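Right, one structure below, let's go through it.
Number of protein chains: 2
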Amino acid sequence: MNGAEALIRTAAGAGVEICFANPGTTEMHLVAALDAAPGIRPVLALFEGVVTGAADGYARMAGKPALTLLHLGPGFANGIANLHNARRASSPIVNVIGDHATWHLAADAPLTSDIESLARPVSRWVRKTATAAELAGDTADAVAAARAGAGGVATLIVPADCAWGEAPGPVAAKRIEPRAAVAGATVDAIARSLRGGKPALILLGGDSLSRRGQLAAARVAAKSGARVLLGTFPPRVERGAGLPPLAKFPYFPEQGVELLEKVGELVLAGAVEPVAFFGYPKIPSRLAPEGCHISVLAKPDEDASAALEALAEALGAKPDEGIRATREAFPEANGKLNSETLGRTLARLQPEGAIVVDEAATSGAQWFSLAAGAAPHTVLSLTGGAIGQGLPNAVGAAIACPDRRVIAFQADGSSMYTLQSLWTMARENLDVTVVVCANRQYRILKVELARADITQPGPAARSLTDLTPPELDFVSLARGFGVPGESVKTAEQLAAALGRSFAARGPRLVEALL
Amino acid sequence: MNGAEALIRTAAGAGVEICFANPGTTEMHLVAALDAAPGIRPVLALFEGVVTGAADGYARMAGKPALTLLHLGPGFANGIANLHNARRASSPIVNVIGDHATWHLAADAPLTSDIESLARPVSRWVRKTATAAELAGDTADAVAAARAGAGGVATLIVPADCAWGEAPGPVAAKRIEPRAAVAGATVDAIARSLRGGKPALILLGGDSLSRRGQLAAARVAAKSGARVLLGTFPPRVERGAGLPPLAKFPYFPEQGVELLEKVGELVLAGAVEPVAFFGYPKIPSRLAPEGCHISVLAKPDEDASAALEALAEALGAKPDEGIRATREAFPEANGKLNSETLGRTLARLQPEGAIVVDEAATSGAQWFSLAAGAAPHTVLSLTGGAIGQGLPNAVGAAIACPDRRVIAFQADGSSMYTLQSLWTMARENLDVTVVVCANRQYRILKVELARADITQPGPAARSLTDLTPPELDFVSLARGFGVPGESVKTAEQLAAALGRSFAARGPRLVEALL
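For the record, the sequence lines run as chains A and B.
For what it's worth, numbering that gives the first Met the number 0 labels the leading residue of the first sequence as 0, then goes sequentially.
For what it's worth, numbering that gives the first Met the number 0 labels the leading residue of the second sequence as 0, then goes sequentially.
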């Protein structure tokens with residue numbers, strides 16, 4: 000067999016089931032190997048940002064990596080933004096990048112570039128295969144690197160001659176390094192701190208965003224009086240009725256500073272220390288004041304859920320202690336759509352088990368608060384600030400969880416980076432409801448202009464923050480990609496449109512005019 | 000004034016007129032500076048691949064750089080593929096990337112990444128500004144670096160505090176290093192070789208693709224009997240009636256090898272030595288045989304036009320010697336659209352002075368040959384193999400040349416990488432006629448599968464090379480972005496649609512169903 004087939008068989012043997020792909024000439028043997036070797040389903044996307052964002056969404060829901068198949072440096076580069084988000088989400092992904100044959104690189108053909116320099120900033124592991132015989136072993140190492148600990152992005156560069164050259168065969172899966180356990184002494188020390196009576200805040204991230212982690216955190220809170228918040232950008236968090244109604248740490252740094260001023264003990268459970276998303280004059284990077292004591296219950300790659308359970312036990316909390324949200328009977332919203340009526344309508348109607356991919360930006364703020372009382376659901380959020388994550392994440396989540404409704408709750412400006420996702424939704428007939436919040440502006444940038452004391456934006460500033468003219472027509476765009484759509488202006492129309500989509504299989508787009 | 004305003008005033012003083020932009024929070028002071036300082040027109044794009052591809056198209060037509068304004072590492076990364084093409088085209092571009100404030104980088108906020116590692120592979124010059132006071136000087140250096148010699152990509156990373164901090168003011172433009180002149184001895188040696196009587200081929204690239212370079216090459220050919228060809232991917236070439244009817248060096252390496260077998264003397268005039276676009280088993284990287292003598296008349300960054308004129312003089316060629324194409328009276332094409340009827344219709348109707356951005360891939364082959372006899376026009380082609388160049392290049396070319404019709408001759412698969420270009424065409428009311436060649440497949444990949452001896456593609460290979468289902472509906476997509484469109488199936492319908500577009504201002508899309 001050739002190296003390409005050995006790669007595919009090795010990946011399949013290590014549990015990989017999906018390959019999100021946008022291949023080119025240097026990947027043709029890898030494409031053929033997907034036919035020659037069973038077990039990995041290829042999913043085509045029309046743009047590499049969809050490929051990598053889908054792999055990220057898949058990883059968050061499946062808990063294991065898909066392959067991406069990408070074409071040399073430029074093809075990979077188109078996928079970097081969503082790999083940046085995946086890196087911040089600790090999503091396991093194995094990138095397979097076809098490159099020129101080893102002996103052809105010296106010719107500096109037009110598509111030649113320094114792929115490793117492009118890959119390193121978004122990858123925890125990068126390797127370029129040297130020979131066809133080594134490709135299977137490199138693949139096994141890549142999968143293990145992607146799955147180790149909290150998970151991460153592994154990038155394997157495959158010269159074409161290593162794909163077409165003769166190889167001895169696949170290699171067995173490597174042992175996966177699990178998340179490290181937290182030492183009992185660490186738990187005991189934090190238990191003592193919490194008993195000390197200082198106002199405490201527990202910040203959840205990584206593994207503690209699971210149902211198990213949140214329920215343990217609620218026990219700790221009930222027993223100790225500590226407040227519990229989610230990190231600002233939870234990669235994947237379980238929410239809704241039956242779970243603690245947790246809010247997120249605020250986005251704007253002034254609010255973070257204000258909140259932390261009253262906190263004497265900050266406990267990080269899989270989360271990182273809160274820092275400003277952007278630097279602003281006269282606002283510190285680190286938001287916790289000098290006097291706030293910070294303790295790490297679990298690092299992002301440690302088993303935070305088990306540590307929280309141990310902490311609950313150490314504090315003597317009962318198994319069922321702690322506040323849990325009950326399902327709220329949301330009143331129907333009426334009239335014009337805004338963040339509140341939109342959020343309420345979605346929270347009221349979203350089906351049990353929905354996966355909501357939240358890239359609604361300024362339009363989505365209300366929904367997140369309200370949805371604490373919605374039916375149990377999963378939220379994926381924008382982790383690295385590289386907009387264009389939402390629609391591809393929805394593709395990947397729907398591939399990972401074909402029995403669950405996926406709702407892509409999406410800002411209009413952000414949708415434009417990876418709108419080609421709609422085509423893959425139609426091609427694979429994915430149960431995705433896309434709700435585009437069409438406020439026709441980069442609303443967050445208008446807020447940021449004001450924050451930068453640019454209170455009277457001139458024509459240049461206005462033209463670079465307004466999305467009109469012309470008005471994007473999302474129903475036509477969706478139709479162009481093969482997805483049916485409709486446009487709504489009121490909460491009642493939105494409710495009807497959501498009902499139609501939730502009752503049917505396949506994708507549908509709802510343009511919500513705000 | 001702050002650093003941002005000093006940057007904009009410095010760039011304007013150095014001749015920069017346009018800023019293609021997709022800014023974010025870290026660029027707000029730069030956005031405001033476009034209002035505070037006159038002279039640079041901002042053009043918004045919805046995706047960074049459009050920004051950089053537009054800057055490339057602008058540079059090829061204007062012969063000088065635009066600014067791009069991009070948001071940290073991920074925003075820049077979205078623009079890398081078209082910067083790769085720009086690098087291969089030697090297009091002058093000045094990237095301005097906003098970054099976190101210098102003191103904020105240590106916080107590793109979500110959008111932090113290694114921007115320099117991402118920028119180096121596509122930039123001839125990369126610098127990160129250290130203080131607000133140095134920003135204007137760095138800008139002057141960036142413009143000079145972009146314009147030096149043949150031109151290239153300069154990337155300036157601007158921490159937010161350098162943009163908002165106090166600066167002494169703008170800096171005067173630096174001296175631009177012109178293209179180096181070719182030594183007389185080089186010209187004389189090549190004149191002697193050409194008189195030697197070996198079958199000779201002159202390959203044109205870079206500067207020699209100009210009208211002046213081509214006319215000189217035709218004189219050399221007429222006097223010496225040498226054949227003249229264009230490099231396979233000319234960044235910008237003048238063509239049509241009045242110019243020599245030059246073909247391109249073939250794309251597939253077997254054809255290149257066959258052609259060069261009969262060549263004893265290969266003269267490179269601003270072109271690089273022909274190499275295989277991809278490496279294939281049993282085909283060499285370098286296509287010229289051992290026995291072929293290669294001489295460099297002008298390197299890509301040298302003045303190849305002047306060198307060709309000197310060579311023509313040295314050979315004693317008369318000023319008006321050499322074959323020039325006459326305007327051909329193309330017969331009207333009828334019936335079903337294919338590469339030939341499509342190419343003939345376009346060659347017949349394209350208006351004088353048109354700029355044709357050729358990313359039609361397999362569908363465009365016939366047109367290029369035929370258009371040697373069309374009205375005088377300019378062709379921009381895909382230089383680096385990173386598909387998705389065509390539509391953004393058309394945006395930039397139309398901004399650079401508002402009095403000329405731009406024709407984006409575009410493959411369907413390739414259009415999907417940067418389709419957001421249509422929105423900027425509508426917003427700026429650019430005179431662009433987009434002709435999408437809709438064959439609904441990655442046709443080139445089917446060819447490459449066959450070349451790799453995969454003659455019976457399985458379901459995976461078929462699904463990764465077919466663009467159906469669903470069928471992309473380009474008329475709806477165009478409408479969604481604010482561009483009127485129509486779909487045609489015959490040469491007669493295409494002719495009518497082109498006529499309508501050429502007679503009106505503003506953009507229009509024609510979906511040509513092949």
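Glycine is no exception: its CB is placed at the ideal position from the N, C-alpha and C atoms.
Note that the structure is predicted; figures quoted are calculated from it, not measured.
* Just the C-alpha distance for B/Leu379 and B/Glu470, rounded to the nearest angstrom, thanks. => As a first step, residue 379 of chain B must be located in the second sequence, where it is residue number 380. As a first step, residue 470 of chain B must be located in the second sequence, where it is residue number 471. Spanning the two alpha carbons is a distance of roughly 28 Å.
* **Cutoff 7 Å; reference A/Ala13; Cβ partners in own chain excluding five residues on either side** => What you label residue 13 of chain A is simply residue 14 of the first sequence in a count that begins at 1. Ala139, Val142 and Ala172, listed in sequence order.
* Between the C-alpha atoms of B/Leu296 and B/Ile189, what's the straight-line distance to the nearest angstrom? -> For the purposes of this step, residue 296 of chain B is taken as the residue at position 297 of the second sequence. For the purposes of this step, residue 189 of chain B is taken as the residue at position 190 of the second sequence. Looking at the two C-alpha atoms, the distance is approximately 7 Å.
* To do: Let me know if B/Lys281 comes out buried or exposed under the rule of 16 or more other beta-carbons within 10 Å of its beta-carbon.
  => The count along the second sequence starts at 1 and reaches residue 281 of chain B at position 282. Burial call: exposed.
* Could you give the distance in angstroms between the alpha-carbon of B/Ile96 and the alpha-carbon of A/Arg86? -> Indexing the second sequence from 1 puts residue 96 of chain B at position 97. Indexing the first sequence from 1 puts residue 86 of chain A at position 87. Going by the C-alpha atoms only, they are around 21 Å apart.
* **As assigned by DSSP and simplified to three states, the class of A/Phe367** => As a working note, residue 367 of chain A is residue 368 in the first sequence. Reduced to three states, the DSSP call for A/Phe367 is helix.
* Would you list, in chain order, the members of the segment 7-29 of chain B that have their beta-carbon closer than 8 Å to a beta-carbon of chain A? => Taken in chain order, the members of the segment 7-29 of chain B whose beta-carbon sits within less than 8 Å of a beta-carbon on chain A are Ala20, Pro22, Gly23, Thr24, Thr25, Met27 and His28.
* Report the residue from A/Ala135, A/Leu200, A/Ser500 and A/Gly412 whose alpha carbon sits nearest the alpha carbon of A/Gly387. => The sequence position of residue 387 of chain A within the first sequence is 388, counting from 1. Of A/Ala135, A/Leu200, A/Ser500 and A/Gly412, the residue nearest in Cα terms is A/Gly412.
* Asked: If you measure from the beta carbon of A/Ile453 to each beta carbon in chain B, is any gap under 8 Å?
  -> The residue given as residue 453 of chain A occupies position 454 in the first sequence. A/Ile453 counts as touching chain B.
* Asked: Which word fits A/Tyr441, buried or exposed, when buried means at least 16 other C-beta atoms lie within 10 angstroms of its C-beta?
  -> Start at 1 with the first residue of the first sequence, and residue 441 of chain A comes out as number 442. A/Tyr441 is buried by the Cβ-count criterion.
* Asked: Which whole runs of the beta strand (DSSP E) in the segment 281-361 of chain B are 3 residues long or more, in chain order?
  -> 292-297 and 354-358
* **Between the CA atoms of A/Ala275 and A/Thr128 - distance to the nearest angstrom** => For the purposes of this step, residue 128 of chain A is taken as residue 129 along the first sequence, with counting starting at 1. For the purposes of this step, residue 275 of chain A is taken as residue 276 along the first sequence, with counting starting at 1. When rounded, the distance between both Cα atoms is 39 Å.
* Asked: Where in the segment 380-450 of chain A do unbroken runs of the alpha helix (DSSP H), each at least 4 residues long, occur, reported from the N-terminal end onward?
  -> 389-399, 411-414, 420-426 and 442-450
* To do: Go to A/Asn84, then tell me how far its alpha helix (DSSP H) extends in each direction, as first and last residue.
  => Residue mapping note: residue 84 of chain A aligns to position 85 of the first sequence, counting from 1. Element bounds for A/Asn84: Ile79 to Ala88.
* List the residues of chain B that A/Gln409 touches, going by C-beta distances under 8 Å, in chain order. => Numbered from 1 along the first sequence, position 410 holds the residue referred to as residue 409 of chain A. Neighbours of A/Gln409 in chain B, taken as residues whose beta carbon is under 8 Å from its own, are absent, since the nearest beta carbon is some 14 Å off.
* Helix, strand or coil at A/Arg178 according to DSSP, with G and I counted as helix -> What you label residue 178 of chain A is simply residue 179 of the first sequence in a count that begins at 1. The answer is coil: DSSP assigns A/Arg178 none of H, G, I, E or B.
* Which ranges does the alpha helix (DSSP H) cover as unbroken runs of at least 4 residues, wholly within the segment 101-139 of chain A, from first to last along the chain? -> Those alpha helix (DSSP H) runs which fall completely within the segment 101-139 of chain A and span 4+ residues are 114-118.
* **Residue of B/Ala5, B/Ile114, B/Pro177 and B/Ala495 minimising C-alpha distance to B/Glu331** => On the second sequence, residue 331 of chain B is found 332 positions in, with the first residue counted as 1. Comparing C-alpha distances from B/Glu331 to each of B/Ala5, B/Ile114, B/Pro177 and B/Ala495 shows the shortest one belongs to B/Ala495.
* Under 8 Å, do B/Pro375 and B/Leu242 count as touching if we go by C-beta distance? -> The count along the second sequence starts at 1 and reaches residue 375 of chain B at position 376. The count along the second sequence starts at 1 and reaches residue 242 of chain B at position 243. Yes.
* A/Ser122 to B/Pro401 span [Cα, whole Å] -> Within the first sequence, the letter at position 123 stands for residue 122 of chain A. Within the second sequence, the letter at position 402 stands for residue 401 of chain B. Cα-Cα distance, rounded: 43 Å.
* **Stretch pair the segment 5-25 of chain B + the segment 422-435 of chain A: three plus CB contacts closer than 8 Å** => no
* From what residue to what residue does the beta strand (DSSP E) around B/Ser475 run? -> For the purposes of this step, residue 475 of chain B is taken as residue 476 along the second sequence, with counting starting at 1. Element bounds for B/Ser475: not the beta strand (DSSP E) but the alpha helix (DSSP H), Phe473 to Gly479.
* Asked: Any idea which residues DSSP pairs A/Ile92 with across the strands?
  -> Locating residue 92 of chain A in the first sequence gives position 93, counting from the first residue. The beta-bridge partner set that DSSP reports for A/Ile92 consists of A/Val152.
* A/Trp102 classed as buried or exposed, judged by whether at least 16 other C-beta atoms fall within 10 angstroms -> Looking up residue 102 of chain A in the first sequence gives position 103. That one is exposed.
* Asked: Any chance the CB of B/Leu265 is under 7 Å from a heavy atom of the ligand GDP?
  -> Ligands are entirely absent from the displayed structure, and the ligand GDP is therefore not among its contents.
* Check each candidate in A/Val236, A/Glu253 and A/Val227 and name the one with the smallest Cα separation from A/Glu264. => For this step, residue 264 of chain A is matched to residue 265 along the first sequence. Per the Cα distances, A/Val227.
* **DSSP three-state assignment for B/Glu16, whether helix, strand or coil** => Here the question's residue 16 of chain B lines up with position 17 in the second sequence. In this structure, B/Glu16 counts as coil in the three-state DSSP scheme.
* Note down the Cα distance separating B/Thr111 from B/Gly72, rounded to an integer number of angstroms. => On the second sequence, residue 111 of chain B is found 112 positions in, with the first residue counted as 1. On the second sequence, residue 72 of chain B is found 73 positions in, with the first residue counted as 1. Rounded to the nearest angstrom, the two C-alpha atoms are 7 Å apart.
* To do: Can you grab the Cα-Cα spacing for the pair A/Pro249 / A/Thr464, in whole Å?
  => By 1-based counting over the first sequence, the position of residue 249 of chain A is 250. By 1-based counting over the first sequence, the position of residue 464 of chain A is 465. Roughly 24 Å separates the two Cα atoms.
* Asked: So, B/Thr423 versus B/Val49, is the Cβ gap smaller than 8 Å?
  -> As a first step, residue 423 of chain B is located in the second sequence; it is residue number 424 there, counting from the start. As a first step, residue 49 of chain B is located in the second sequence; it is residue number 50 there, counting from the start. Contact: yes.
* Measuring CB to CB, does A/Glu308 end up less than 8 Å from A/Lys222? -> By one-based count along the first sequence, residue 308 of chain A stands at place 309. By one-based count along the first sequence, residue 222 of chain A stands at place 223. It is not a contact, given that the beta carbons lie outside the stated cut-off.
* Asked: Nearest-angstrom Cα distance between B/Leu466 and B/Met415?
  -> Looking up residue 466 of chain B in the second sequence gives position 467. Looking up residue 415 of chain B in the second sequence gives position 416. If you take the alpha carbons of B/Leu466 and B/Met415, they lie about 11 Å apart.
* Which residues mark the beginning and the end of the alpha helix (DSSP H) in which B/Leu493 is found? -> For the purposes of this step, residue 493 of chain B is identified with residue 494 of the second sequence, where counting begins at 1. Ala490 to Ala502 is the extent of the alpha helix (DSSP H) around B/Leu493.
* Asked: In whole angstroms, what separates the C-alpha of B/Leu245 from that of B/Glu491?
  -> Working through the second sequence from its first residue, we reach residue 245 of chain B at position 246. Working through the second sequence from its first residue, we reach residue 491 of chain B at position 492. Their Cα atoms are separated by approximately 28 Å.
* Asked: Tell me the DSSP bridge mates of B/Lys197?
  -> Along the second sequence, read from residue 1 onward, the residue named residue 197 of chain B stands at position 198. According to DSSP, which records beta bridges pairwise, B/Lys197 is partnered with nothing at all.
* Using the beta-carbon of each residue, which ones in chain A are nearer than 7 Å to B/Glu515? -> Shown here, chain B extends from 0 to 513; a query on residue 515 of chain B therefore has no answer.
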